[in-house]
Structures are given as structure tokens and as C-alpha cells.
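Peer 1: Numbering (the UniProt record's numbering), first residue to last: 1 to 387. Could you have a look at this structure, given as C-alpha cells, before my questions?
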């Protein structure tokens, strides 16, 4: 026997074990090389955000903005998880969507932890935005803003998902600057009936900042100004729905204060367009989403009366009443949207007159043929973004 023939060579036990380890490591190396090659050909995070088949969570998806956003995302071909406590959001607002195969509806309070859910994006819109609702239980409003937002941030962190937080123009308070740029720190009363919402949203923005900087979480912050349109219940309690509901029912339009307060109203499709553009962008600091056309509250009342007259509701001329203005109600609210125009390529396109007309037609349609029937309390019948 030739002692140099390797086929008959008997290796010591230690050498044999070492040889097997090397073979095993080489096999693992080949597997890793194949995996790395797959990763190199896999779409980047940003390119994935433009794909049509993502799984997207919409917290507050049965609310006014949330239900319109859900409707839009479903039409875009995404799988949508609609999460809502249905305390303020209405089941009727999503009845026409619930049988769609790419929609999952979860009844859940975001102040409770959310586990075992995997998504690519999160739109966090869960918080009552009307003073009528958020002042009803200010403690719950604060909990929703803080605990609820942190639960959404934790969910995004666990899923490695991008999250958009819906903040508000209310973080500017009774502004001493007009229009309000994102750099304005605000003038907010921390001790009053509106503070649960105003300060709640401010602390929620601070949470978003903390998660961005501590955990490198991918967060977007939209400061939304006075959205209105189809899907907003007539019983919502905000000025546009109040005026239109009163006009449809032949009642006087009630103005709180003397009508000189200035607002800027954006139609819902403009707002949804701004939110989706922000989500798809690389911009990670707060940004105003609103219409910068100034409108006094008494001017809004006259626009509603003109639209009502065009729709066959007569006798509303000069039918305006006045009542006491709410505490801490801001005098002047106007967004500076230069940043949205530059960074997102976004600006509102629907005029106030056209938006009021569309909202009027929608509220009439859900009340049937009677112009003076019972005020509608449903949120059904959503609108689509223009193509």
C-alpha cells in the first residue's frame, strides 16, 4: 500500500472534525453569497414605497379623512388594514367597502398595544378632530395623542414601516404670525378646553421626533388645515358641516363670534393627495397641508347660502344668527404652503365654491329627495381623487 494515497489515508480525529467544519462553513458561505445576490437585486426601500401592492395600515380609518384615504388606497390596489375604535368613526362610512378582498377591518383602540401585525406603511389618523368630540372626553383625547401615537410608533418600529402622523394646524394655537410657516413655534394655551387636542398633538409630534432620532424610524408629519367634503357627517360639529346641514334643513346659519375669524378650507381630495405625496417623499420634518385662500367665517356662510340657492333652497337670505365664540378659538389661521409646493410638488386645486357645491350635493344625496328631512348622521359615500 502506498502511504501517500489519500484514498487510504486515515486522518486523526481532530483533523477530520476540522475538515468537516471547513466544508460546512464553505456551504454556509455559498448560501450567504446567494442571499446577498438576491438582496442586491431586491427593490430599495424608497422604490418599494411607490409600489402598488403594499400592505398599509390606516389608524382612524372609519373617520372622515381616514375613510376617504382608505377608499383611495384600495383603488390604488393596496391591501389595507383599517383600524378604528368606532367611538367617533362610523361603521356606515365603510359599509360599501367591507366586502372587498383587499380590506381588513379591525376594531381596536390604539391606546391598547397592537401586536402581531405586519405592514409596509402606517397612516396614523386616529384622534377626534372636531372640538365637539375631543372636548367630550379630554383625558381620552390626551391618551389617544400620547399613548396611541407611541403604540403606532412601536408598531412601525417592529415592522420597519414608514409612518405618517396626522398633526394639525391647532399646534400653532392663536397664532401671532400669518401665514403660519412650519418654523413657527405657536401660541397655545396649555390650560383650557382646547388644550387636550392642541397640546396632545404637540406632544405627539415630539414623540415622533424622539423615535426618529433614537431609533432612526422613518416618520412623516402632516400639519393638516381645516379639511371638509363628502364623508364628513352633518353632525360633525365643524363649521362647514354645520352651515351646510342648517341650509339643507332651512335653518339659520349660526356663526360663533362676529364672523371676522379667518380660516382656510381645503377640500378632502386635495388633502388626501397631499398626504399620499408626503408619504411617498423623502421629507421627514413637519409640513403644512392646507389651502392658503383666506376666508372669513361670515364669507363662508354667504358661499353656503349661494350654493343652497343654486340647489333650489330658497329664503335663506340674511338668515344668519350669532352666538358666543368658544374659548381660545383662534382669530387667524392660514397655512404657509411654500414648502409643500417645493418639496412635494403639491398644491390644492379645488376652489372653495366648487368644494362646497360637491359637499352640498353629497349631503343632499344621502338625505334622499327631501331637502328638509332629518339631518344626515352618516359618513357613507366617499369621493375619489381626480385622475
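The beta carbon of each residue, even a glycine, is placed where N, CA and C say it ideally should be.
To which residues does DSSP link residue 187 through a beta bridge?
Peer 2: DSSP lists 173 as partners of residue 187.
Peer 1: Using a Cβ-Cβ cut-off of 6 Å (strictly less than) and excluding sequence neighbours within five positions of residue 106, which residues of its own chain qualify?
Peer 2: So the list reads 83, once near-sequence residues are dropped.
Peer 1: Determine the burial state of residue 170: buried for a count of at least 16 other Cβ atoms within 10 Å of its Cβ, exposed for fewer.
Peer 2: Burial call: buried.
Peer 1: Quick check on the DSSP output: the beta strand (DSSP E) that includes residue 121 runs from which residue to which?
Peer 2: Looking at the DSSP string, the run of the beta strand (DSSP E) that includes residue 121 is 121 to 124.
Peer 1: Please report the distance separating the alpha-carbon of residue 73 from that of residue 182.
Peer 2: In a straight line, the C-alpha of residue 73 is about 27 Å away from that of residue 182.
Peer 1: For residue 101, is the classification buried or exposed, using 16 other Cβ atoms within 10 angstroms of its Cβ as the cut-off for buried?
Peer 2: Exposed: under 16 other Cβ atoms inside 10 Å.
Peer 1: Take residue 70 and list the residues in its own chain whose beta-carbon comes closer than 6 Å to its own, dropping the five residues that flank it on each side.
Peer 2: These residues qualify, in order along the chain: 58, 61, 80 and 82.
Peer 1: State the start and end residues of the unbroken beta strand (DSSP E) segment that holds residue 167.
Peer 2: Per DSSP, residue 167 belongs to the beta strand (DSSP E) from 162 to 168.
Peer 1: Starting from the C-beta of residue 219, find all residues in its chain whose C-beta is less than 6 Å away, skip the five residues before and the five after it, and write them out in chain order.
Peer 2: Excluding residues within five positions, the ones whose Cβ falls inside 6 Å are 163, 208 and 212.
Peer 1: So what does DSSP say about residue 81, is it helix, strand or coil?
Peer 2: Residue state, collapsed to three classes: strand.
Peer 1: Would you give the residue range spanned by the alpha helix (DSSP H) that residue 244 belongs to?
Peer 2: Per DSSP, residue 244 belongs to the alpha helix (DSSP H) from 239 to 248.
Peer 1: Going by the CB atoms, is the gap between residue 145 and residue 200 shorter than 8 Å?
Peer 2: Their beta carbons are under 8 Å apart, which means residue 200 touches residue 145 by this criterion.
Peer 1: Considering only the alpha carbon of each residue, which of 67, 118, 28 and 343 lies closest to residue 274?
Peer 2: Answer by Cα proximity: 343.
Peer 1: Given a cut-off of 8 Å, decide if residue 355 and residue 267 are closer than it, judged by their beta-carbon atoms.
Peer 2: Yes, the pair counts as a contact, with Cβ atoms nearer than the cut-off.
Peer 1: Compute the beta-carbon to beta-carbon distance between residue 257 and residue 325, rounded to the nearest angstrom, for a pair I have assumed lies under 8 Å.
Peer 2: Right, their Cβ atoms sit about 3 Å apart.
Peer 1: Taking just the CA atoms, how far does residue 288 sit from residue 334?
Peer 2: In a straight line, the C-alpha of residue 334 is about 10 Å away from that of residue 288.
Peer 1: Can you tell which of 122, 97, 168 and 280 has the C-alpha that lies nearest to the C-alpha of residue 131?
Peer 2: The shortest C-alpha separation from residue 131 is found at 168.
Peer 1: Could you give the residue range of the beta strand (DSSP E) that holds residue 340?
Peer 2: Run containing residue 340: none; DSSP gives neither H nor E here.
Peer 1: Is there contact here, the stretch 276 to 296 with the stretch 220 to 232, by at least three beta-carbon pairs under 8 Å?
Peer 2: Result yes; three or more Cβ-Cβ pairs closer than 8 Å.
Peer 1: Quick one: Cα of residue 87 to Cα of residue 28, how far?
Peer 2: If you take the alpha carbons of residue 87 and residue 28, they lie about 53 Å apart.
Peer 1: Could you check if residue 322 is buried or exposed, using at least 16 other CB atoms within 10 Å of its CB as the buried criterion?
Peer 2: Looking at its Cβ environment, which holds fewer than 16 other Cβ atoms inside 10 Å, residue 322 is exposed.
Peer 1: Would a C-beta distance cut-off of 8 Å place residue 279 and residue 135 closer than the cut-off?
Peer 2: It is not a contact, given that the beta carbons lie outside the stated cut-off.
Peer 1: Any idea what DSSP makes of residue 303, helix, strand or coil?
Peer 2: In the structure shown, residue 303 sits in a helix (DSSP, three-state: H, G or I).
Peer 1: Who are residue 253's beta bridge partners in DSSP?
Peer 2: Residue 253 pairs with 320.
Peer 1: Could you pull out every residue in the same chain whose Cβ sits closer than 6 Å to the Cβ of residue 204, ignoring the five residues on either side in sequence?
Peer 2: Within the same chain, residue 204 has close Cβ partners 145 and 149.
Peer 1: Helix, strand or coil, according to DSSP, for residue 283 in the structure here?
Peer 2: Residue state, collapsed to three classes: coil.
Peer 1: Report the three-state DSSP secondary structure of residue 151 (helix, strand or coil).
Peer 2: Note: residue 151 maps to helix in three-state DSSP.
Peer 1: Counting Cβ pairs closer than 8 Å, one from the stretch 186 to 199 and one from the stretch 243 to 256, do we hit at least three?
Peer 2: Flag = no, the stretch 186 to 199 and the stretch 243 to 256 do not touch.
Peer 1: Can you list, in chain order, the residues of its chain with a C-beta nearer than 6 Å to that of residue 253? Leave out the 5 residues immediately preceding and following it.
Peer 2: Taken in chain order, the residues that qualify are 243, 246, 301 and 320.
Peer 1: Measure the Cβ-Cβ separation of residue 303 and residue 352 and say whether it is below 8 Å.
Peer 2: Cβ distance < 8 Å, so residue 303 and residue 352 count as in contact.
Peer 1: Suppose contacts are defined by Cβ-Cβ distances below 8 Å. Is residue 67 in contact with residue 173 by that definition?
Peer 2: Contact flag unset, no.
Peer 1: Under the three-state reduction of DSSP, which class applies to residue 335: helix, strand or coil?
Peer 2: It is a strand residue.
Peer 1: Under 6 Å Cβ to Cβ from residue 330, same chain only, skipping five residues before and after it: list those, please.
Peer 2: Contacts found: 174.
Peer 1: Regarding residue 265 and the ligand MG, is the C-beta to nearest heavy atom distance less than 7 Å?
Peer 2: For the ligand MG, the structure offers nothing, since it holds no ligand at all.
Peer 1: Cα separation between residue 347 and residue 340?
Peer 2: Rounded to whole angstroms, residue 347 to residue 340 spans 7 Å at the Cα level.
Peer 1: Measure the Cβ-Cβ separation of residue 141 and residue 127 and say whether it is below 8 Å.
Peer 2: Yes, the pair counts as a contact, with Cβ atoms nearer than the cut-off.
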